[in-house]
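Reading through the structure tokens given below for one structure.
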Amino acid sequence: GENVEQHPSTLSVQEGDSAVIKCTYSDSASNYFPWYKQELGKRPQLIIDIRSNVGEKKDQRIAVTLNKTAKHFSLHITETQPEDSAVYFCAASEGGFQKLVFGTGTRLLVSP
Amino acid sequence: GAVVSQHPSWVICKSGTSVKIECRSLDFQATTMFWYRQFPKQSLMLMATSNEGSKATYEQGVEKDKFLINHASLTLSTLTVTSAHPEDSSFYICSARTYVQPLAGDQETQYFGPGTRLLVL
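If you read the sequences in order, they're chains A and B. As numbered in our numbering, residues 1 to 112 make up the first sequence, in order. As numbered in our numbering, residues 1001 to 1121 make up the second sequence, in order.
Next up, the structure:
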């Protein structure tokens, strides 16, 4: 089955810096890659996703890139703000739009 | 749009009792709902996939007789933790899949409920 690895497990940046979180997946058939933000004690919130037919997608300060050949995808947050502090999870779909397999999460801390 | 609710938000129960958790899609029809468990500072672990009108598909290692799932309608799925024990204490989150068909082809997105924190004493 699908296996998703996520790095780093923790990331501390200064406000205004950029943050990059990377994930790799094992199943070449996976074709949907969402990113979720989870604040303490709350539900995961979808922040951006990408399908396998595109290599990059951007939404204001957030962007995701996908390298299908290398089977890795990354989340890029620019001009970070303290409210970006949360745990971020990547995920990959297994078997084509079926269940999601989640990465282990990255705890992002943005210091003012 | 795409709002998912979950009830209760937290529950404390005695060991040996059963607890039912409801997951509802409020403004869309969800043909598929997923149940996850999340332990502190860990990732989301899929427990089962629930399709409306059919039996749930459980992940390896998840006891189907202990975690009963019912998906009776397109907007409601329930998870019952039977004979709960302290090791079942966790954060249980459901998600519902909405089917969105853009011009480019078929695509789907999962939206999560707020979660239910279960504490078994």
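Note that beta-carbon positions come from the ideal geometry of N, C-alpha and C, so glycine has one too. Since the structure is predicted, the reported quantities are computational estimates derived from the model, not experimental observations.
Nearest to L75 (chain A) by C-alpha distance, out of A:K37, A:G16, A:D27 and A:S28, is A:K37.
When C-beta atoms of the segment 70-87 of chain A are compared with those of the segment 9-29 of chain A, three or more pairs fall below 8 Å, so the two segments count as touching. Where R61 (chain A) is concerned, there is no enclosing beta strand (DSSP E), because DSSP gives it neither an H nor an E. Contact check for L1118 (chain B) and V1019 (chain B): beta-carbon distance about 6 Å, within the 8 Å limit, so the pair qualifies. A distance of 8 Å or more separates the beta carbons of L1046 (chain B) and K42 (chain A).
Excluding the 5 residues flanking it on each side, S1043 (chain B) has no same chain C-beta neighbour closer than 7 Å. E1063 (chain B) sits in coil when the DSSP states are folded into three classes, being neither helix nor strand. At a beta-carbon threshold of 8 Å, the residues of chain A lying near P1114 (chain B) are K42 and R43, ordered along the chain.
Take L1076 (chain B), set aside five residues on each side of it, and the residues of its chain with a beta-carbon closer than 6 Å to its own are R1024, in chain order.
No Cβ-Cβ contact shorter than 8 Å links I1093 (chain B) with F1067 (chain B).
Annotation: I1069 (chain B) has no Cβ neighbours in chain A at a cutoff of 8 Å; minimum Cβ distance is about 14 Å.
Here DSSP, grouped into helix, strand and coil, assigns P82 (chain A) to helix. Any Cβ of chain B closer than 8 Å to the Cβ of L108 (chain A) would place that residue at the interface, and such an atom is absent.
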